[in-house]
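These protein sequence lines are chains A and B, in that order. All residue numbers for the first sequence refer to the numbering used here, where the first residue is 1 and numbers rise by one. All residue numbers for the second sequence refer to the numbering used here, where the first residue is 1001 and numbers rise by one. Glycine residues also receive a C-beta, built at the ideal position from the N, C-alpha and C atoms. The next block holds one structure in the form of structure tokens; read it before the comments.
Number of protein chains: 2
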Amino acid sequence: MALPVAADDPRRTRFSRALRREATDTTPVWLMRQAGRYLPEYRATRARAGSFLALAKTPELACEVTLQPLLRFDLDAAILFSDILTIPDAMGLGLEFAQGEGPRFARPVRSAADIAHLGVPDPETELRYVMDAVRLIRHELDGRVPLIGFAGSPWTLACYMVEGTGSRDFARIKAMAWNDPASLHRLLDVLARAVAAYLAAQAAAGAQALMLFDTWGGLLAPPMFAEFSLRYLDAIAQHLRAHVVAAVLPLILFAKGVNGAGQLEALADTGCAALGVDWSISLGEARRRVGARVALQGNLDPAALHAQPEIIEREVAALLRAFGPHPGHVFNLGHGITPEVDPESVAVLVDAVHRLGRRAVAEGG
Amino acid sequence: MALPVAADDPRRTRFSRALRREATDTTPVWLMRQAGRYLPEYRATRARAGSFLALAKTPELACEVTLQPLLRFDLDAAILFSDILTIPDAMGLGLEFAQGEGPRFARPVRSAADIAHLGVPDPETELRYVMDAVRLIRHELDGRVPLIGFAGSPWTLACYMVEGTGSRDFARIKAMAWNDPASLHRLLDVLARAVAAYLAAQAAAGAQALMLFDTWGGLLAPPMFAEFSLRYLDAIAQHLRAHVVAAVLPLILFAKGVNGAGQLEALADTGCAALGVDWSISLGEARRRVGARVALQGNLDPAALHAQPEIIEREVAALLRAFGPHPGHVFNLGHGITPEVDPESVAVLVDAVHRLGRRAVAEGG
């Protein structure tokens, strides 16, 4: 990579130390979808690739866009450029991205027979392009900052697989949850095994932290979340603890919109290292509820990147105050960066986090 | 109306008594968007009207569709058929509904000058079609069940007025909140006065309960919700208490997705009679947090109407259990009915609520 750092540079370890709730010189920061359409250099690589899927499936190009935001901003972690739907694609559902629309499967899962045909993809053969990207990115990063691997949660993958695409109310998969829970559990079970194998393979290929996105967990009422999502998040976390050294390889769980009484607490009880937090609750509330069990990652409203620089700085200060004293906070947005954001605003944000986070450390805050 | 009821029929008062947290013979039930596209008779009237707006603006047709679900189901309240965007339309923004899309304003609010031009519409002249519909529905209902009037919250109306349409991330109005809060407060202030006058006029025209929908409150982080939404909900509630006899005319507040620590409590502190609750938290949690200050309305996931009859019944039982002992519960969905729902499922739901709610009373539950 163009910007080597010294062996004792705090950026090498700030993110990992914060996930372990160890002291850091300042608050580490990375941003969901930091490699993305708001960057002109991303749009150029994407155009060269020809399609989003070609970009995601070509390790050299996936590596290139993964590193792009790190060349611009002083970020404390890289995250693999990929898509949560690589697993269902490898299962044979035929992932497509129509122009200007979201993802779509050519062969959605609609019946018990469809589910019976699904197998766990072998990560090193059927998802080799992802593992090759992880290896290449690790090599190019050369220790500058840690690399985060990721996957979608079984429930979230199942939502797309059953609906065939994004949906307003996800009525089809919810109808399956009520009317044929046994079939849905079979689907979620094969997905949980696939996700666990996929994340373990990313770890073996060099990922230094893993993140599990339950983007649609918040669609479920609390008892259904427990039955159809949390149960499988828990199984994956257990598998990773058994098969990957968890102390070295932290897991971050992010279940967007899942903030009910007992729910954050239950997510923390999976044994993950950190919880992602959306911006609908304060970090102070999240910390009071989960205590010192886990680190917290979040939770600025991504729309704040449309604010003027001094307002961004004020919002960063408010968020650091809401979290309270170090350690254990990884600054992030509460959801991904949107395409219309000015990259200059991201620079302002990253600088403000490091500057104000350092002051908070100095003040014993 | 085709189905007169006796003077001592409990359906006349069940809903209003529950809002006052007085004993009822069973749990009252009505459903958000109960007059809507899932009903073939609604689709027929809508086709006759020619457009959604023509339907909403013709009192006889609005009355007709308001009553349709009451002819089919044993519901305990009627809700005015209208749209939350009647106020901005009356302010001159030019409301349109494009085929298959959501609402859109021909002249969205984009500048301080746009805001300065906005005035409070006089309900009895500029929104007379709404008041005429309320009077006509009251007459046709003939006391069978109470009629609920409603409006959108200032924040939610401002979202549509500034964005011009629905939006994925509402970046434009949030940028205004951060970069020009004084202008946004001027907009919210005129909207709060307009909403208060509109609701008071609906009460004068015969509405027996009022509901305020803050559909987009949950887009805001808690401090911004307090500043840009709650403050104006509070102002409207105060105005109604001062100008309408609150004990006779209860106000129901529904801020979807607003469930953070202190937020439900603050909504209850406005002095409203009841809170609408979405399905992301349990009614048990909501009740523990707001105590006996308010009644609760909710909170079945609308997708449950795609479940089989025995599953709908099981979910109703679970929800009644989650609320706990009577009184103070108005059964409802956590959001509106969707167009694909089979009306037969609504009949199953309404019957289950009354039957199981009666049993809960008999058991002292």
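One thing to note: residue 298 of chain A has its Cβ within 7 Å of the Cβ of residue 277 of chain A. Within the region 256 to 298 of chain A, the complete alpha helix (DSSP H) segments at least 4 residues long are 263 to 268, 283 to 290, listed from N- to C-terminus. Taking a Cβ-Cβ cut-off of 7 Å, the neighbours of residue 338 of chain A in chain B comprise 1169, 1171, given in sequence order. Spanning the alpha carbons of residue 1052 of chain B and residue 1042 of chain B requires a straight line of approximately 11 Å. Annotation: Cβ neighbours of residue 1179 of chain B in chain A (cutoff 7 Å, chain order): 307, 308, 311. For the pair of segments examined, the region 28 to 48 of chain A was found not to touch the region 158 to 171 of chain A: the number of CB pairs separated by less than 8 Å stays below three. Collapsing the DSSP output to three states places residue 1342 of chain B in coil. Bounds of the beta strand (DSSP E) holding residue 214 of chain A are 209 to 214. Note on geometry: alpha-carbon atoms of residue 1216 of chain B and residue 1260 of chain B lie some 15 Å from one another. Using a CB distance cut-off of 7 Å, residue 1301 of chain B counts as an interface residue toward chain A. The beta carbon of residue 1082 of chain B sits closer than 8 Å to those of 1056, 1062, 1130, 1133, 1150, all from its chain and outside the five residues before and after it, given in chain order.
Judged by DSSP secondary structure, residue 330 of chain A falls within the beta strand (DSSP E) whose first and last residues are 329 to 333.
In the pairwise beta carbon analysis, the region 306 to 321 of chain A is classified as touching the region 343 to 354 of chain A: at least three pairs are separated by under 8 Å. Of the residues assessed, residue 238 of chain A falls on the exposed side of the cut-off, its CB having fewer than 16 other CB atoms within 10 angstroms. The three-state secondary structure of residue 313 of chain A, taken from DSSP, is helix. Scanning the region 78 to 113 of chain A for uninterrupted beta strand (DSSP E) segments of 3 residues or longer gives 95 to 97, 103 to 105, listed from N- to C-terminal end. Restricting attention to A:331, A:322, A:310, the CA atom closest to the CA of residue 344 of chain A is found in A:310. DSSP places residue 148 of chain A within a strand segment (E or B) once states are collapsed to three. Using a CB distance cut-off of 7 Å, residue 1175 of chain B counts as an interface residue toward chain A.
In the DSSP annotation of this structure, the continuous segment of the alpha helix (DSSP H) that includes residue 185 of chain A starts and ends at 181 to 205. Residues of the region 278 to 290 of chain A whose Cβ lies closer than 7 Å to any Cβ of chain B, in chain order: 279, 280, 281, 282, 285. Under the 7 Å criterion on CB atoms, residue 1146 of chain B is classed as non-interfacial with respect to chain A. In this structure, DSSP gives residue 1323 of chain B a helical state, which the three-state scheme calls helix. Nearest CB-CB separation between residue 36 of chain A and chain B: not below the 7 Å threshold. The three-state secondary structure of residue 1219 of chain B, taken from DSSP, is helix.
Taking a beta-carbon distance threshold of 7 Å, residue 250 of chain A does not count as an interface residue toward chain B. Counting only residues of its own chain and dropping the five nearest sequence neighbours on each side, residue 235 of chain A has a CB closer than 6 Å to the CB of 192. By alpha-carbon distance to residue 253 of chain A, the top candidate from A:337, A:339, A:154, A:165 is A:154. The alpha-carbon of residue 342 of chain A is positioned some 11 Å away from that of residue 349 of chain A. The beta carbons of residue 333 of chain A and residue 32 of chain A sit closer together than 7 Å. In this structure, residue 228 of chain A places its C-beta atom within 7 Å of the C-beta atom of residue 177 of chain A. Contact note: residue 261 of chain A reaches chain B through 1281, 1282, 1284, 1285, 1288, 1289, using a C-beta cutoff of 9 Å and chain order.
Excluding sequence positions up to five before and after residue 250 of chain A, its CB lies within less than 6 Å of the CB of 19, 209, 273, all in the same chain and listed in chain order.
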